[in-house]
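Contents: one structure, followed by commentary.
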Amino acid sequence: MPKLDLNYEEMFREDIEPVEDESDLEELLLEELPDVIVQATDWTTDTLLGQIEKGRIQLNPSFQRRDAWTTERKSKFVESLFLGFPIPQLVLAELREQPGNYIVIDGKQRLLSMIQFAGSEELKEKFGNYKLRGLEILNQCNGKSLDELVSDSRSVEVFENRTIRTIVIRHWKNDSILYHIFLRLSIESVKLSSQELRNALHPGPFSEFSDFYSGKSPCLRKILNRDAPDFRMRDAELLLRYYAFRNFIREYTGSVKKILDLTIRELNALWRTDAHDIQMQAEQFENAVKLAFLVFGPDSFRKWKKGEFVSRFNHAVYDVILFHFWKPEIEDKIREKSYEIKEAFIELSESDTGFAESLETTPKSLNATVKRLSSWTSALNAVLGTDFREPKLVNNRIRF
22 MPKLDLNYEE
32 MFREDIEPVE
42 DESDLEELLL
52 EELPDVIVQA
62 TDWTTDTLLG
72 QIEKGRIQLN
82 PSFQRRDAWT
92 TERKSKFVES
102 LFLGFPIPQL
112 VLAELREQPG
122 NYIVIDGKQR
132 LLSMIQFAGS
142 EELKEKFGNY
152 KLRGLEILNQ
162 CNGKSLDELV
172 SDSRSVEVFE
182 NRTIRTIVIR
192 HWKNDSILYH
202 IFLRLSIESV
212 KLSSQELRNA
222 LHPGPFSEFS
232 DFYSGKSPCL
242 RKILNRDAPD
252 FRMRDAELLL
262 RYYAFRNFIR
272 EYTGSVKKIL
282 DLTIRELNAL
292 WRTDAHDIQM
302 QAEQFENAVK
312 LAFLVFGPDS
322 FRKWKKGEFV
332 SRFNHAVYDV
342 ILFHFWKPEI
352 EDKIREKSYE
362 IKEAFIELSE
372 SDTGFAESLE
382 TTPKSLNATV
392 KRLSSWTSAL
402 NAVLGTDFRE
412 PKLVNNRIRF
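Residues 22 to 421 in our numbering are what the sequence shown lists, from first letter to last.
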């Protein structure tokens with residue numbers, strides 16, 4: 022018999038890399054914490070599925086497109102519920118404006134695994150389904166759905182009544198509290214994407230559009246070297262970042278979180294009147310990325326350092342290149358001068374120490390952000406014969 026890996030706590034954690042960290046957050050107001058209620062309860066799998074069925078635990082069906090777990094991993098999670106093995110707790114936050122309704126802070130993959138195996142036909146139609154596979158202990162259940170296990174009514178009853186420790190956060194006054202909790206969960210084990218929480222906290226038509234569009238974008242898949250929507254939602258975060266630095270850079274104070282939150286709120290609000298323009302910007306994003314790959318090839322969005330392009334994607338270079346490449350009026354010039362543009366980037370990285378250092382510095386530094394954008398604008402103007410204004414820092418805001 023093969024040796025079993027029984028580290029179930031680790032197996033069923035959410036393994037998603039963080040995009041932001043606590044330095045992005047507003048200072049937590051300690052006087053608000055006494056009002057926050059953190060309550061632990063034990064909900065059965067049947068209760069959790071019922072809450073999801075009624076829409077009280079909010080899970081967007083599009084989440085299954087970013088499904089991170091294999092069928093084998095989901096099956097072992099279900100097996101753990103059958104066997105009563107320990108699993109990590111769920112963390113929910115009750116919506117301030119909708120008491121009795123919750124968003125998921127930690128545990129989406131586990132809930133999705135439960136829905137796809139034991140949910141109603143309506144839920145399975147929305148989220149998909151699977152049959153158990155790869156079980157080593159309850160191997161007689163391999164190849165079966167819950168419906169096919171009904172002959173063993175005792176096992177099904179045990180599964181439906183299995184309790185899962187669920188932490189519910191209530192009476193929180195601002196998003197910052199949830200972000201702090203969200204990121205603290207990441208310290209020891211859970212590597213979560215802030216973009217998931219952002220989409221949950223700021224639902225709306227643009228949020229839905231950016232989630233769908235980023236998941237199918239050929240250019241974002243090329244950047245991330247993926248053939249499917251990214252379960253970390255890095256694709257959605259990169260698209261939102263483009264919108265943020267294109268439309269709201271004048272509001273940028275050095276906090277990535279703040280400008281991304283602002284962008285998603287504003288574009289949700291503007292969608293009713295400006296949906297066409299917002300969608301057009303997405304098309305211009307695609308074209309900008311294609312131009313970047315035309316100019317830089319596999320070195321797109323990489324730093325030049327010590328005589329070569331480094332292999333790692335760089336957010337600062339991404340911001341710099343897209344800052345002008347989206348503009349339709351320079352597309353032909355970029356195509357004509359593609360070699361010269363790449364050489365100008367290399368030359369700038371080698372000759373301008375401040376520019377090179379600005380690509381090493383966190384995007385949260387306003388001075389570094391202005392330096393890299395202004396230096397690259399000047400270099401691009403020289404190659405293309407354009408006269409784009411160079412960004413400057415005025416009263417701690419970016420102006421141009």
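In this text, a Cβ means the ideal position worked out from N, Cα and C, and glycines have one as well.
Residue i (DSSP reduced to helix, strand or coil)
i	result
Tyr-151	coil
Asp-88	coil
Glu-118	coil
Glu-329	strand
Leu-312	helix
Thr-398	helix
Glu-209	Confidence at Glu-209 is low in this model, with a pLDDT of 48, below 50, so its placement is unreliable and the value that follows should be read with caution. Correct three-state label for Glu-209: helix.
Asp-127	strand
Ala-61	strand
Gln-137	helix
Arg-393	helix
Val-171	coil
Ile-108	coil
Leu-113	strand
Ala-403	helix
Lys-284	The identity of residue 284 in the sequence shown is Thr, whereas the question assumes Lys. Reduced to three states, the DSSP call for Thr-284 is helix.
Leu-156	coil
Glu-411	coil
Leu-46	With a pLDDT of only 48 at Leu-46, under the threshold of 50, the placement of this residue in the model should not be trusted; the figure read from the coordinates follows. Looking at Leu-46 - three-state DSSP - the assignment turns out to be coil, as it is neither helix nor strand.
Thr-9	A query on residue 9 cannot be resolved here, the shown segment of the chain reaching from 22 to 421 and no further.
Arg-77	coil
Arg-255	helix
Arg-247	coil
Arg-191	strand
Beta-carbon proximity of residue i to residue j, cut-off 9 Å
i	j	result
Ser-197	Met-254	no
Asp-232	Asn-122	no
Phe-148	Leu-167	no
Thr-441	Glu-181	Examination of residue 441 is not possible in this model, given that the chain is present from 22 through 421 alone.
Val-112	Thr-62	no
Lys-243	Val-310	yes
Arg-267	Gln-302	yes
Leu-199	Ile-185	no
Trp-292	Phe-230	yes
Tyr-273	Leu-102	no
Phe-314	Trp-347	no
Length of the line joining the Cα atoms of residue i and residue j
i	j	result
Val-415	Glu-287	23 Å
Leu-104	Leu-283	46 Å
Ile-355	Pro-319	17 Å
Asp-373	Ile-126	44 Å
Glu-93	Leu-312	40 Å
Tyr-151	Ser-134	9 Å
Ser-332	Glu-371	17 Å
Glu-169	Phe-317	54 Å
Leu-343	Leu-401	12 Å
Ile-73	Lys-145	12 Å
Leu-369	Lys-324	11 Å
Pro-107	Glu-304	47 Å
Val-177	Gln-79	25 Å
Gly-76	Glu-143	12 Å
Arg-271	Arg-219	21 Å
Ala-365	Val-404	8 Å
Leu-153	Arg-175	18 Å
Glu-378	Ile-419	19 Å
Ala-265	Pro-349	19 Å
Lys-363	Arg-205	41 Å
Cys-162	Ser-321	48 Å
Gln-60	Asn-308	49 Å
Tyr-360	Gly-406	15 Å
Residue environment, residue i, which counts as buried when at least 16 other CB atoms sit within 10 Å
i	result
Arg-131	buried
Ser-141	exposed
Ser-210	Its pLDDT being 47, under 50, Ser-210 is placed unreliably by the model, and the measurement read from it follows with that caveat. Classification for Ser-210: exposed.
Asn-417	exposed
Glu-217	buried
Lys-129	buried
Ile-58	exposed
Thr-398	buried
Ala-290	exposed
Arg-117	exposed
Arg-183	buried
Pro-120	exposed
Arg-410	exposed
Lys-413	exposed
Arg-87	buried
Glu-381	exposed
Checklist entry - Between the region 94 to 101 and the region 213 to 227, do three or more beta carbon pairs fall short of 8 Å? => result no
Next on the checklist: Would the region 392 to 406 count as touching the region 333 to 341 if we require 3 or more Cβ pairs under 8 Å?
Outcome noted: yes
Checklist entry - For the region 230 to 245 against the region 254 to 265, are there 3 or more C-beta pairs whose distance is under 8 Å? => result yes
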